[in-house]
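There are 2 protein chains.
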Amino acid sequence: MEDLIKVKNQIKVFVQDCNDKKSLELFDLLPEGKMLRSKLILKIAGVSAESIKLCAVVEMIHAASLLHDDVIDEAHTRRGKPSINALYDNKTAIMFGDILYSRAFTQLSQMDKNIAYTISNAVTLLSIGEMLDVELTKSFNSSYDKYLDMIYKKTASLIEASAKAAAILSGKDQEAFALYGKNLGLAFQMVDDILDITQDSQTLGKPAMLDFVEGKVTIPYLLLYEKLEEKQKLESLYKKELSDEESSWIKEQMQSSKALQQSIKLAQKLGDEAIEAIKPYKNSDLENIMNAMIQREF
Amino acid sequence: MEDLIKVKNQIKVFVQDCNDKKSLELFDLLPEGKMLRSKLILKIAGVSAESIKLCAVVEMIHAASLLHDDVIDEAHTRRGKPSINALYDNKTAIMFGDILYSRAFTQLSQMDKNIAYTISNAVTLLSIGEMLDVELTKSFNSSYDKYLDMIYKKTASLIEASAKAAAILSGKDQEAFALYGKNLGLAFQMVDDILDITQDSQTLGKPAMLDFVEGKVTIPYLLLYEKLEEKQKLESLYKKELSDEESSWIKEQMQSSKALQQSIKLAQKLGDEAIEAIKPYKNSDLENIMNAMIQREF
Chain A
-2 MEDLIKVKNQ IKVFVQDCND KKSLELFDLL PEGKMLRSKL ILKIAGVSAE
48 SIKLCAVVEM IHAASLLHDD VIDEAHTRRG KPSINALYDN KTAIMFGDIL
98 YSRAFTQLSQ MDKNIAYTIS NAVTLLSIGE MLDVELTKSF NSSYDKYLDM
148 IYKKTASLIE ASAKAAAILS GKDQEAFALY GKNLGLAFQM VDDILDITQD
198 SQTLGKPAML DFVEGKVTIP YLLLYEKLEE KQKLESLYKK ELSDEESSWI
248 KEQMQSSKAL QQSIKLAQKL GDEAIEAIKP YKNSDLENIM NAMIQREF
Chain B
-2 MEDLIKVKNQ IKVFVQDCND KKSLELFDLL PEGKMLRSKL ILKIAGVSAE
48 SIKLCAVVEM IHAASLLHDD VIDEAHTRRG KPSINALYDN KTAIMFGDIL
98 YSRAFTQLSQ MDKNIAYTIS NAVTLLSIGE MLDVELTKSF NSSYDKYLDM
148 IYKKTASLIE ASAKAAAILS GKDQEAFALY GKNLGLAFQM VDDILDITQD
198 SQTLGKPAML DFVEGKVTIP YLLLYEKLEE KQKLESLYKK ELSDEESSWI
248 KEQMQSSKAL QQSIKLAQKL GDEAIEAIKP YKNSDLENIM NAMIQREF
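So the protein lines, in turn, are chains A and B.
Position one of the first sequence corresponds to residue -2 (my numbering), numbered consecutively onward.
Position one of the second sequence corresponds to residue -2 (my numbering), numbered consecutively onward.
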């Protein structure tokens, strides 16, 4: 997509403005992402110098958060390429993250105040979401509200802010597009949670059923736990390496209790709500993005 | 100082706005600093709701940079109290740093655009300065320009930005106060570099002559190296645990070559230049801050 190349060039210009050789060197090593947030912004606000700048700012913030994530998770790869912390060290990854964050905020400070507030506030939510995520893996969490609050902050808040900022930029209904972005983010996370159970490790590119081992009680597990009579059995498998037998038991219970099916329905409901909210704009691209995202595995 | 309590309360309000229990818990564990930047802002702009907010923003940014610093340096204490990374873990310290940064930027986004640009741009410089600092400790650096560029970015840029923003806020000469802040920061770092050599470990609260062992060729070492005939001898001691004899040799050379004396003069020259720049404002407090800072050890 030609417009995404414009966004990449804009990010490069913003990084070049730092006048720092090392920053440019690091920038060239960043793995390319799907640029979901930019696609969303451009579909809402159209392509203009201002919307390209907004995309660049959001992508820099997203990249910064991933740099810090990889330090925290001691991840050695990101999208199949070696991570900055693996290629260099933690100091470099943390500081380059701070450079990208602050360059993004510096650019934001020159934009519309409402846009600047919306995006920078989402970064606070994003960081709180990361902390909540860790908190929730400490012991078996059976609270749906806590789970929803966490995935809203960690995954949905920056997507919501991107959609809202794009609506502000193009004079469209802020609340409607904010809802669309929020629900896209929430549904995206839920589908990810479902895929962890339904897909094999080859398709996922990581071990299957890893979430529960890592202490994450995701939406299908929450719904299963609610319905299950053998609650203690599920709890006893929490944060454990699962035998084939145990994995199969969980999958069977997910099917028979309809926890999986209900999780899919929940994601679909969020998607329908989002599409309904922006209906007056007759934006079929956004409808397709939502539907494709939810149906990506079934 | 009563006004600094107002700043602390303002920071707390900004953190409370996050609606996150853990953030408040972490905030209460942050060690108290000298709040140099706030003192500077209040001396320039006077006390008002706006200047207190500006102070709070700058202190949050400073605290965030220290949180990330402590992770990077694996520091277990900060100002005599256990650091957040020691009390919790790296993840918590990195994320709480990101929370403080983004809350500060969110507040900045609602202030004057020139102020927001000045402060957020300084955060980029600060982060680049941290990376340069690491680069310069990899091998013996004999470039005065590289040293000056690094301490400007790492130490002086946020002080410069604070003074400039305070001048913008109160309608004073931006360039004059920016110069004052920049030179205060540079001189502060130089005096620190000198104290590392002239003070004993008890007074410093850390091992004396640590900079050179850690690979930092600071201003007295740069000037000594320039004058020294036995350049190779100094190079051979670089990044080594020093014997008493070797420490004494360095100190003697620092005296006989007048490298120390010249370093002090350099700091004093920066101070004089700064005081001259803001002379029209007859601000004796700022003159005293500069003089006390430079004379803090001699």
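Even glycine gets a Cβ: it sits at the ideal position worked out from N, Cα and C.
Treat the numbers as computed from the prediction; the structure is a model and nothing was measured.
Non-local beta-carbon contacts of L21/B in its own chain, meaning distances under 7 Å to residues more than five positions away in sequence, involve V12, Q13 in chain order.
Residues of the segment 98 to 129 of chain A with a Cβ closer than 7 Å to any Cβ of chain B, in chain order: Y98, S99, R100, F102, T103, L105, S106, Q107, K110, A113, Y114, S117, N118, V120, T121, S124, I125, E127, M128. Where Y144/B is concerned, the enclosing alpha helix (DSSP H) starts and stops at 141 to 148.
Annotated as proximal: V210/A and E238/A, with beta-carbon spacing under 8 Å. Within 9 Å of the CB of T134/A, no CB atom of chain B is found; the nearest one sits about 11 Å away.
K88/A is positioned such that its CB atom lies closer than 8 Å to that of I69/B.
L192/B and L201/B have their C-alpha atoms some 8 Å from each other. Across the set V4/A, S140/A, M290/A, D130/A, the C-alpha of S140/A shows the shortest separation from the C-alpha of Y218/A. Of all residues in the segment 65 to 90 of chain B, those with a C-beta nearer than 7 Å to a C-beta of chain A are H65, V68, I69, N87, K88, T89, reading in chain order. In this structure, the CA atom of A271/B is about 14 Å from the CA atom of I41/B. Of D25/B, N138/B, I58/B, I96/B, the smallest CA-CA separation from L84/B is found for D25/B. Residues of chain A whose Cβ lies closer than 7 Å to the Cβ of I96/B are, in chain order, T121, S124, I125. Neighbours of M187/A across chain B, judged by C-beta separation under 8 Å, do not exist; the nearest C-beta is about 23 Å away. The alpha carbon of M187/B has as its nearest neighbour, out of K266/B, L23/B, S106/B, H59/B, the alpha carbon of K266/B.
For K135/A, the secondary structure class from DSSP, reduced to helix, strand or coil, is coil. Pairing K224/B with S198/B gives a Cβ-Cβ distance that is not under 8 Å.
Ranked by Cα distance from E56/A, the first of R34/A, Y114/A, G168/A is R34/A. Sequence-ordered contacts of the segment 18 to 29 of chain B with chain A read K19, S20 [C-beta pairs closer than 8 Å].
Spatial neighbours of K143/A in its own chain (CB-CB distance under 8 Å, excluding positions within 5 residues in sequence) are listed in chain order as L129, L133.
Taking a C-beta distance under 8 Å as the contact criterion, S167/B and G30/B do not qualify as a contact pair. Taking 8 Å as the upper bound for CB-CB distance, K236/B and G268/B are not in contact here, some 31 Å apart. Taking 8 Å as the CB threshold, M92/A lines the interface with chain B. The Cβ of C52/A sits no closer than 8 Å to any Cβ of chain B. S136/A and I194/B have their C-alpha atoms some 51 Å from each other. At a cut-off of 8 Å between C-beta atoms, V55/A does not count as an interface residue with respect to chain B.
Its Cα nearest to that of A53/B, the residue N6/B stands out among D17/B, L27/B, K151/B, N6/B. Straight through space, the alpha carbons of S99/B and S154/A are spaced by roughly 14 Å. Taking 4 residues as the minimum length, the alpha helix (DSSP H) runs contained wholly in the segment 175 to 206 of chain A are 198 to 201, in order along the chain. If you draw a straight line from the Cα of G178/B to the Cα of E127/B, it comes to about 19 Å. When secondary structure is reduced to three states using DSSP, T89/B falls in the helix class.
Annotation for E232/A: F137 place their beta carbon closer than 6 Å to its own, counting only its chain and skipping 5 residues before and after. Nearest neighbour of Q104/B by Cα position, chosen from L51/B, E226/B, L39/B, D146/B, turns out to be L51/B. In this chain, the alpha helix (DSSP H) harbouring Y222/A covers 216 to 224. Between A175/A and M290/A, the C-beta spacing is not below 8 Å. For V131/A, at least one C-beta of chain B is nearer than 8 Å to its own C-beta.
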